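A.B. asks: When we follow the working numbering, the leftmost residue of the sequence shown carries the number 23, and every step to the right adds one. Where is the CB? At the ideal position from N, CA and C, for every residue including glycine. Every value quoted in this text rests on a predicted model; they were computed, and no experiment measured them. Questions regarding the structure given below will be posed in turn.
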Amino acid sequence: MNWITVKEMSARYGVSRQCIYAKIDRNRYKLGDHIREEYGHDKLLDEEAVELLKPKSKTVIERKKQTDKLKDALMSCEEMCSENAGVIKALSDEFREFKEQVLLEISNIRAAAQKDK
23 MNWITVKEMS ARYGVSRQCI YAKIDRNRYK LGDHIREEYG HDKLLDEEAV
73 ELLKPKSKTV IERKKQTDKL KDALMSCEEM CSENAGVIKA LSDEFREFKE
123 QVLLEISNIR AAAQKDK
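Below is the structure:
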């Protein structure tokens, strides 16, 4: 028989531990021997307790999957940015130089216009 802690169940199903504890309190009579308390540890739940306590709504599980996908996408973007950091810096430097040239030209044109007056 496999036992998991409330903390592990919370992570697996994306529900807070407080929510699980509240469900344990409401369903204590149904849980019977399917829940154990060990000194200094979290409550331990067997498969039947997990089945009874897990969220009935798939939206919680789906939200957890969505957040996992978003985290993966974010990590992928961060890796891509890290891999291309040199290219990004080179383009930024090139743009800065171009901008300085343009501003210098504008300044020269204004100065020439002032002389012509």
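#1: I'd like the list of long-range same chain contacts for Pro77, defined as Cβ closer than 7 Å, with 5 residues on each side in sequence excluded.
#2: Considering only residues of the same chain and omitting the five flanking positions on each side of Ala71, which have a CB-CB separation below 6 Å?
#3: Where Asn49 and Val28 are concerned, what is the direct C-alpha to C-alpha distance, given to the nearest angstrom?
#4: Do Asn24 and Asp94 have their C-beta atoms closer together than 8 Å?
#5: Give, in chain order, every unbroken run of the alpha helix (DSSP H) that is at least 4 residues long and sits entirely within the stretch 53-131.
C.D. replies: Taking the structure as given:
#1: The residue labelled residue 77 in the question sits at position 55 within the sequence shown. Taken in chain order, the residues that qualify are Tyr35, Val37, Ile83.
#2: On the sequence shown, residue 71 is found 49 positions in, with the first residue counted as 1. The residues are Leu53, His56, Ile57.
#3: The sequence position of residue 49 within the sequence shown is 27, counting from 1. The sequence position of residue 28 within the sequence shown is 6, counting from 1. Taking the straight line joining both Cα atoms gives about 15 Å.
#4: Locating residue 24 in the sequence shown gives position 2, where the first residue counts as 1. Locating residue 94 in the sequence shown gives position 72, where the first residue counts as 1. Contact flag unset, no.
#5: 69-75, 80-105
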